[in-house]
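Chain order of the listed sequences is P and Z.
Here the numbering used here is used: the first residue of the first sequence is 100, the next is one more, and so on.
Here the numbering used here is used: the first residue of the second sequence is 4, the next is one more, and so on.
Quick reminder that beta carbons are idealized off the backbone N, C-alpha and C, glycines included.
Keep in mind it's a predicted model, so treat the numbers as computed, not measured.
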Amino acid sequence: MHPKRKKRLIVVLAVVVLSSLGIGLVTYGLRGNINLFYPPADVIAGKAPVGQSIRVGGMVVEGSIQRSDNSLDVRFEVTDYAGTVPVLYSGILPDLFGEGQGVVAAGKLDTLGIFVADEVLAKHDENYMPPEVAEALEAAGKKI
Amino acid sequence: MAWTWFHRLGSSPWIYRFSGQLLRYLLPLAIVLVVAGSVWGLAFTPPDFRQGNSYRIIYIHVPVSVVSLAGYYVMAIAGAISLIWRLKVADMAMRVAAPIGAAMTFLALLTGAVWGKPTWGTYWVWDARITSMVVLLFLYLGVFALYEAYDNKALASKACAILSLVGTVNIPIIYKSVDWWYSLHQPASIKFTGGSTIDPSMFYPLLLMIVAVYCLYTCLLLMGLRLTLLETEAKTAWVKKEILGES
Numbered sequence: 100m101h102p103k104r105k106k107r108l109i110v111v112l113a114v115v116v117l118s119s120l121g122i123g124l125v126t127y128g129l130r131g132n133i134n135l136f137y138p139p140a141d142v143i144a145g146k147a148p149v150g151q152s153i154r155v156g157g158m159v160v161e162g163s164i165q166r167s168d169n170s171l172d173v174r175f176e177v178t179d180y181a182g183t184v185p186v187l188y189s190g191i192l193p194d195l196f197g198e199g200q201g202v203v204a205a206g207k208l209d210t211l212g213i214f215v216a217d218e219v220l221a222k223h224d225e226n227y228m229p230p231e232v233a234e235a236l237e238a239a240g241k242k243i
Numbered sequence: 004m005a006w007t008w009f010h011r012l013g014s015s016p017w018i019y020r021f022s023g024q025l026l027r028y029l030l031p032l033a034i035v036l037v038v039a040g041s042v043w044g045l046a047f048t049p050p051d052f053r054q055g056n057s058y059r060i061i062y063i064h065v066p067v068s069v070v071s072l073a074g075y076y077v078m079a080i081a082g083a084i085s086l087i088w089r090l091k092v093a094d095m096a097m098r099v100a101a102p103i104g105a106a107m108t109f110l111a112l113l114t115g116a117v118w119g120k121p122t123w124g125t126y127w128v129w130d131a132r133i134t135s136m137v138v139l140l141f142l143y144l145g146v147f148a149l150y151e152a153y154d155n156k157a158l159a160s161k162a163c164a165i166l167s168l169v170g171t172v173n174i175p176i177i178y179k180s181v182d183w184w185y186s187l188h189q190p191a192s193i194k195f196t197g198g199s200t201i202d203p204s205m206f207y208p209l210l211l212m213i214v215a216v217y218c219l220y221t222c223l224l225l226m227g228l229r230l231t232l233l234e235t236e237a238k239t240a241w242v243k244k245e246i247l248g249e250s
């Protein structure tokens with residue numbers, strides 16, 4: 100290879116490697132801020148700030164949804180199977196919200212450890228299948 | 004070692020004619036594949052057990068997202084070739100790839116937002132995947148704008164190539180964002196290793212659409228390249244011969 104081109108190739112590789120390294124270190128340093136939500140285990144462990152706007156994400160515990168009869172108030176529990184956080188919310192829930200489904204709630208943690216949400220989003224998982232397949236899996240006793 | 008293929012890439016008339024012949028087959032193929040994949044995906048696949056019919060946007064969203072990432076490598080590698088070997092056609096390919104990539108990224112963000120509202124309950128959330136895709140859009144637009152900002156086009160090409168190369172770090176970040184950080188966006192359903200978590204009846208039309216959009220992207224790139232070739236070499240004899248049929 101022509102020495103001039105070789106030099107330019109080295110410069111190109113250096114640009115790619117050094118910028119990757121720099122941005123890699125920055126994102127590693129900011130990894131806590133890049134996470135969209137806290138898992139319930141971190142909330143239980145006291146890693147989430149109290150009284151500040153944060154998000155908590157996990158699965159809605161089966162049988163934990165309690166709806167009010169005369170208002171939009173709803174209470175449910177969010178778990179990551181390592182910890183569980185009770186959530187209070189008043190408002191319309193997304194269609195995909197349900198027991199055993201992923202959820203991300205935005206709001207504030209109160210001093211009693213209850214999460215008061217002002218927004219609840221459904222977190223969809225990566226499973227896509229036709230209804231018949233889902234029914235067959237359910238009939239076979241598999242959790243989906 | 005026969006380097007003739009590489010030297011041919013330095014010949015504008017050869018590239019113009021070769022890409023013209025390629026497009027004669029590739030463009031009809033791309034159109035047929037896009038139409039076939041869309042009809043298959045939208046009309047002949049079963050609905051999803053949880054999302055119903057709204058999941059069908061996957062047949063647009065995933066292909067344009069995949070191509071928007073792959074297209075960035077096309078732009079960056081073309082930029083690197085133009086930096087190292089000073090190949091004119093590589094420089095043109097880099098410039099043409101920027102607006103096409105921006106359009107693909109914009110479509111990915113738009114279809115994602117349209118799907119997000121009924122599924123998540125919001126059009127937008129600043130999670131790692133969506134934010135890094137916005138950065139990708141700005142990188143594409145940045146390369147496009149940077150080239151226009153210089154009067155000295157040789158300098159403009161160098162600056163654009165370096166910006167493209169620096170931006171490549173974002174591609175693995177976008178791809179792995181859903182695994183590295185907690186995000187609202189779900190992890191990939193199609194996996195290179197291990198089983199995919201999308202039913203085969205939904206996966207095959209998706210695969211067809213990915214191939215279709217790759218073909219479409221190649222066509223758009225070649226068409227843009229041909230136009231740029233004609234524009235930059237408008238005063239040369241071969242262009243006059245090609246367009247006016249003069250000999």
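Legend entry - Neighbouring residues, chain Z, relative to L220 (chain P) (Cβ below 8 Å): W123, G124, T125, V128, L187
Inset, instruction - Can you check DSSP and say which residues form a bridge with A221 (chain P)? - result: P:V202
Legend entry - Three-state secondary structure (DSSP) of S85 (chain Z): helix
Inset, instruction - Spell out whether any CB of chain Z is found under 8 Å from the CB atom of G124 (chain P). - result: It is Leu, not Gly, that sits at residue 124 (chain P) in the sequence shown. No, because no Cβ of chain Z sits closer than 8 Å to the Cβ of L124 (chain P).
Legend entry - Which listed residue (P:L195, P:P139, P:R174) has its alpha carbon closest to that of A181 (chain P): P:P139
Legend entry - Minimum C-alpha distance to A46 (chain Z) - residue among Z:I60, Z:R53, Z:V35, Z:I34: Z:I60
Legend entry - Sequence-distant residues of its chain with Cβ nearer than 6 Å to L247 (chain Z) (five each side left out): none
Inset, instruction - Enumerate in chain order the residues of its own chain whose CB-to-CB distance from I133 (chain P) is below 8 Å, with the five nearest sequence positions on each side excluded. - result: T126
Inset, instruction - State yes or no: is the C-beta of P230 (chain P) within less than 8 Å of the C-beta of W123 (chain Z)? - result: no
Inset, instruction - Assign D179 (chain P) to one of three DSSP states: helix, strand, or coil. - result: coil
Legend entry - Burial state of M136 (chain Z) (16 or more Cβ within 10 Å): buried
Inset, instruction - Assess, as a yes-or-no matter, whether the segment 187-204 of chain P is touched by the segment 155-174 of chain P under the definition of 3 or more beta carbon pairs within less than 8 Å. - result: yes
Inset, instruction - Note the first and the last residue of the continuous beta strand (DSSP E) segment covering S152 (chain P). - result: 152-159
Legend entry - Three-state class that DSSP yields for I201 (chain Z) in the structure shown: strand
Inset, instruction - List the residues of chain P that T171 (chain Z) touches, going by C-beta distances under 7 Å, in chain order. - result: V115
Legend entry - Assumed close pair I213 (chain Z), V65 (chain Z) - CB separation to whole angstroms, cut-off 8 Å: 7 Å
Inset, instruction - Say whether chain Z places a C-beta atom closer than 8 Å to the C-beta of P139 (chain P). - result: no
Inset, instruction - Give, in chain order, every residue of the segment 18-52 of chain Z whose Cβ lies closer than 9 Å to some Cβ of chain P. - result: T48, P49, P50, D51, F52
Inset, instruction - Taking only the alpha-carbon atoms, compute the straight-line gap between P208 (chain Z) and L219 (chain Z) and give it to the nearest angstrom. - result: 16 Å
Legend entry - Cβ-based burial, I191 (chain P) [other Cβ within 10 Å; buried from 16]: exposed
Inset, instruction - Give the secondary structure of P147 (chain P) by DSSP, where H, G and I count as helix, E and B as strand, and everything else as coil. - result: A small correction: the amino acid at residue 147 (chain P) is Ala; Pro does not occupy that position in the sequence shown. Note: A147 (chain P) maps to coil in three-state DSSP.
Inset, instruction - Could you list the residues in the segment 189-209 of chain Z with a C-beta less than 7 Å from some C-beta on chain P, going in chain order? - result: Q189, P190, A191, S192, T200, I201, D202, S204, M205
Legend entry - Under 8 Å between C-beta atoms of E225 (chain P) and P190 (chain Z): yes
Legend entry - Own chain residues within Cβ distance below 6 Å of P185 (chain P), not counting five before or after: E176, I213
Inset, instruction - Please list, in chain order, all residues of the same chain as A258 (chain Z) whose beta carbon is under 6 Å from its beta carbon, the five residues on each side excluded. - result: Past the boundaries of the shown model lies residue 258 (chain Z); chain Z is included only from 4 to 250, so the question cannot be answered.
Inset, instruction - In angstroms with no decimal places, state the Cα-to-Cα distance between F195 (chain Z) and S186 (chain Z). - result: 21 Å
Inset, instruction - Could you check how far apart the C-beta atoms of L208 (chain P) and I153 (chain P) are, in whole angstroms? I think they sit under 8 Å. - result: 7 Å
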